[in-house]
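As you go down the protein sequences, you meet chains A and B in turn.
Every letter in the first sequence is one number past the one before it in the numbering used here, and letter 62, counting from 1, is 166.
Every letter in the second sequence is one number past the one before it in the numbering used here, and letter 50, counting from 1, is 929.
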Amino acid sequence: MLQTMDKSDSCSEINIAETGSFIQEKESWQSRALRDTLVVGVAISMSTMLGVFISMHMDEENVIGIYLLAIVVISLTCSRFSSLLACALSVFCFDFFIMPPRCAFDPIDPSLFLSFVVMFVVATAISHLTGQVKGLADSLELRVKGRTMELQKANDNLRREVQQRIRAEGSLEAAVRELQASNAVLMSMVRVASHDLQEPLRVIQGYCDLLKRRYSDSLDEDGAEFLDFVVDGTRRMESLIQGVLNHARVKQGIERFQRTELESVVTEALSNIAVSIEQSGATVIQDELPIVVGDRTQLVQLFQNLVLNSIRFRSQEPLVVRISSERTGSNVLLYVSDNGIGIAPAYHEEIFGMFRRLSSHMVPSGSGIGLAICKSVVENHGGRIWVESETGKGSTFVIALPMSN
Amino acid sequence: MQNREIEILVVEDNAADARLLKEALIDTRLPHRICRSVDGEDAINYLRERRDEGSGRFPNVIVLDLNMPKVNGHQFLKLLNTETGLPEIPVIVLTVSQDEEDVIQALQYGMNFYLRKPPSAVNIGPILERVVSLWAKA
């Protein structure tokens, strides 16, 4: 809408400008004819008067110079036709007013006739040359004018575009600010909600424990199994809520960026999930890792989630997870690779979404937030995360982070 | 040291939580007596009554929930600090919160022990025993 309006505006502007120059040209053509005639009349009469005065004291031939001067002036200021008219008039006036007998034509004198011819030729030549120079100058001026106008137009367009861009940038910034604000509100709501969800869950957990401890003797096999299902359900719910809370914490971006040794980060992450690693019988190999600028808590979470992901999607053979790194230009690439069940390429994007878990009866269910948190953490650090994997061939999660200076 | 009965003031608005705590305390097999307040205001009023009675009998330990209506756990801790004529009573904060800030703030206001919900004999037992042993020395 905005654009169309601007376009029509510029169109009408151009029209006005063109019509204006057209009118101006028409007027100048008429007035120029009048002015030229006037100039020719005045110049030749003045030359004649001056000629008459000079011829009284000097030779008549000297007057020719006066006329030539007048013709130069006329050629410079008037049209080609006016110059020719001036040439003819000069010859006529010179013969009629200057040459004796005055006020009469005397074309018989052959030397004078030659002078007339020479004078006419010289006058015509001067007028022609001057006309050419003037034409050149005029065309040059016209071209300069044209170019100036084009430039002006381009300049105007540019100015309009710049203004539009500034406006667009402003509204974009406002939109981003709004989005950030609403995101922050949403995330704090998520935190509060998750926190409040934990309270009743703890009550359920507490009473389940109590029931198991005190009444397991009076429950039959089914009853005990049902109670186990309840306990398992609450445990899953707990990890889900914890996941949402962690995600909200990461998303809210309460970050403390500093130089962080990734080796100690990975060591901390592995010790946090030592029980899971031991239970799954996994071997985790940690290669030499660099120092990056980042938030330690978030980075610990990142490696913790990736290794847990490998454990969750392990295959029949003993799980080996390798954490390694590589420098490429200004980036550092971190690899977390395993020999697990692998991920089909169709799911390579999907797995980083919230609550996206590959449905498979073979794998235990997780919270479905782990990789979403990984993605948020990496993005908070200005990096990128992706997976390289095929079904049955293990997975390699790659994290590209900007290198610390 | 277990011959003396411990008097425990439970400040908890939720009945289910309070009952769970009661059961956990029974499981600890420590001789005790429970007195319950439903929020911080109720609890501080109870302590003031005891003070005004002049009998010199106060609860030996307070188990405090943080998230409560009217006067919450943090506010109760502040009131307890500024109230005159009360003896030093150890406070065990019992909460679902994992927020470091919640815990640090409670510590600044005079919390002595911190316990995450749900309470069970396994986690509250050792704390109570510690409280009793400190109390026996005093």
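We treat Cβ as the ideally placed atom computed from N, Cα and C, and that holds for glycine.
- DSSP, reduced to helix, strand and coil, places A:A476 within a helical segment of the structure shown.
- For A:G398, the enclosing beta strand (DSSP E) starts and ends at I395 to D399.
- Proximity of chain B to A:Y311 at the Cβ level (cut-off 7 Å) is accounted for by L899, in chain order.
- Around B:E902, the beta-carbon contacts reaching into chain A at under 7 Å are L314.
- In the three-state DSSP reduction, A:R269 falls in the helix class (H, G or I).
- In this structure, A:V146 sits away from A:I202, with a CB-CB distance that is not shorter than 7 Å.
- For B:D896, the chain A residues whose Cβ falls inside 9 Å of its Cβ are E303, R306, V307 and G310, in order along the chain.
- At a cut-off of 7 Å between beta carbons, B:K949 makes no contact with chain A.
- When DSSP states are grouped into helix, strand and coil, A:R488 belongs to the strand group.
- Residue contact check for B:P1005 against chain A: no CB pair falls below 7 Å.
- Counting along the chain, the unbroken beta strand (DSSP E) around A:Y439 starts and ends at N435 to D442.
- Beta-bridge analysis with DSSP links A:P506 to A:N435.
- Between A:S159 and A:T234, the CB-CB gap reaches or exceeds 7 Å.
- Burial state of B:E891 is buried, judged by a 10 Å Cβ sphere holding 16 or more other Cβ atoms.
- With respect to A:A386, A:L410 sits apart: the two C-beta atoms are not nearer than 7 Å.
- Boundaries of the beta strand (DSSP E) harbouring B:R912: H911 to S916, taken from the DSSP string.
- Of all C-beta pairs linking the segment 883-897 of chain B to the segment 488-505 of chain A, fewer than three are shorter than 8 Å, placing the two stretches out of contact.
- Taking the beta carbon of A:H299 as reference, the chain B residues within 9 Å of it are N946, V975, S976, Q977 and D978, listed in sequence order.
- For the alpha helix (DSSP H) assignment, the uninterrupted runs of no fewer than 4 residues enclosed by the segment 952-983 of chain B are, from N- to C-terminal side, 952-961.
- Under the Cβ criterion of 7 Å, B:P966 is not counted among the residues facing chain A.
- Remark: C-beta atoms of A:C191 and A:F157 do not approach each other more closely than 7 Å.
- At a cut-off of 7 Å, the C-beta of B:K957 has no neighbouring C-beta in chain A.
- Taking a contact to require three or more Cβ pairs closer than 8 Å, the segment 361-378 of chain A and the segment 332-352 of chain A do not qualify as touching.
- Here A:R306 is near B:P997, since their CB atoms are less than 7 Å apart.
- Between the segment 989-1003 of chain B and the segment 963-977 of chain B there are three or more inter-stretch CB-CB distances shorter than 8 Å, so the stretches are counted as touching.
- When DSSP states are grouped into helix, strand and coil, A:D321 belongs to the coil group.
- Spatial neighbours of A:T500 in its own chain (CB-CB distance under 6 Å, excluding positions within 5 residues in sequence) are listed in chain order as Y439, S441 and E492.
- Cβ atoms of A:A229 and A:S194 stay farther apart than 8 Å, at about 13 Å.
- Put simply, of B:F955, B:K1016, B:P966 and B:L904 the residue whose alpha carbon is nearest the alpha carbon of B:L986 is B:F955.
- With respect to A:V144, A:L189 sits close: the two C-beta atoms are nearer than 7 Å.
- Listed in chain order, the non-local C-beta contacts of A:L301 below 7 Å within the same chain comprise I345, local neighbours out to five positions each way being set aside.
- Within 10 angstroms of the beta-carbon of B:N960 lie fewer than 16 other beta-carbons, which makes it exposed.
- When rounded, the separation of the alpha-carbon atoms in B:I941 and A:S298 is 27 Å.
- Distance from the CA of A:R318 to the CA of B:E902, rounded to the nearest whole angstrom, comes to 10 Å.
- Secondary-structure assignment with DSSP links B:E886 through a beta bridge to B:R912.
- For A:A476 and A:M291, the gap between their C-alpha atoms comes out near 15 Å.
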